[in-house]
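In terms of this note's numbering, the sequence shown has 1062 at position 37, counting the first letter as 1, and numbering is strictly consecutive.
Have a look at the structure below before the remarks.
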Amino acid sequence: MRKIIVALVAGAAVFDAAPLARAHAFLDHAIPAVGSSVSASPRVVTLWFTQDLEPAFSNVTVTNDSGQRVDLSNAQIPQGGPDELQIGLKPLTPGTYLVSWHVVSVDTHPTEGTFTFEIKP
Ligand SMILES: [Cu+2]
1026 MRKIIVALVA GAAVFDAAPL ARAHAFLDHA IPAVGSSVSA SPRVVTLWFT QDLEPAFSNV
1086 TVTNDSGQRV DLSNAQIPQG GPDELQIGLK PLTPGTYLVS WHVVSVDTHP TEGTFTFEIK
1146 P
């Protein structure tokens, strides 16, 4: 049984290494990490996706727990990072922040999602 689990995990790892084989652009990881708790206000949020993005149709916003935008409205796909989306942040006070993204991958499929991160008191 243990060998089967190891084989499945290894198979998943191979699949992760070949993002172009996937169907759409899903969030792979982010900084600050999804659901994380950080001690200082980050200057940017960076999201990495499983596929390259269409810049004209990809955006991200960050809001506080009152629903107010706390980002700098400067979302961009950085040079040399076609699967990344970045946005600058205003100086943030402790609290929980919501990151909302909607992107279109180069295969023209739209996806969207949200996650939160917390700044510790
Ligand atoms: Cu797709």
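Here a beta-carbon is modelled for each residue, glycine too, at the ideal position from N, C-alpha and C.
In chain order, what residues of the same chain lie with their CB nearer than 7 Å to the CB of Ala1043, ignoring the 5 residues before and after it? Any reading at Ala1043 is ruled out, since the residue's pLDDT is 47, under 50, leaving its predicted position unreliable.
What residue from Ile1144, Lys1115, Gly1120, Gly1106 has the CA that sits closest to Leu1072's CA? Nearest C-alpha to Leu1072 among Ile1144, Lys1115, Gly1120, Gly1106: Gly1106.
For a test of your reading of the model: does the CB of His1054 fall under 7 Å from any non-hydrogen atom of ligand 1? Yes or no. No, since every heavy atom of ligand 1 falls outside the 7 Å radius drawn around the Cβ of His1054.
Ser1130: CB within 7 Å of a non-hydrogen atom of ligand 1: Yes, the Cβ of Ser1130 comes within 7 Å of a heavy atom of ligand 1.
If you draw a straight line from the C-alpha of Thr1149 to the C-alpha of Gln1076, how long is it? Nothing can be reported for residue 1149, as the shown portion of the chain is limited to 1026 through 1146.
By a C-beta neighbour count over all protein chains shown, 10 Å radius and 16 as the cutoff for buried, is Asp1133 buried or exposed? First, the residue type needs correcting, since residue 1133 is Thr and not Asp in the sequence shown. With fewer than 16 other Cβ atoms within 10 Å, it is exposed.
Could you tell me if Ala1046 is buried or exposed, where buried requires 16 or more neighbouring beta carbons within 10 angstroms of its beta carbon? In this prediction, Ala1046 scores a pLDDT of 49, lower than 50, which makes its location untrustworthy; the coordinate-derived value is nonetheless stated afterwards. Classification for Ala1046: exposed.
Which of helix, strand or coil DSSP assigns to Phe1082: Here Phe1082 sits in helix by DSSP.
Let me know the secondary structure DSSP gives Leu1117 once reduced to three states. In the structure shown, Leu1117 sits in coil (DSSP, three-state: anything other than H, G, I, E or B).
What I want to know is whether the C-beta of Ala1065 ends up closer than 7 Å to one or more non-hydrogen atoms of ligand 1. It does not: the Cβ of Ala1065 is nowhere closer than 7 Å to a heavy atom of ligand 1.
Ser1061 CB to nearest chain D CB: under 8 Å? As a matter of chain content, chain D is missing from the structure shown, which is built from one protein chain.
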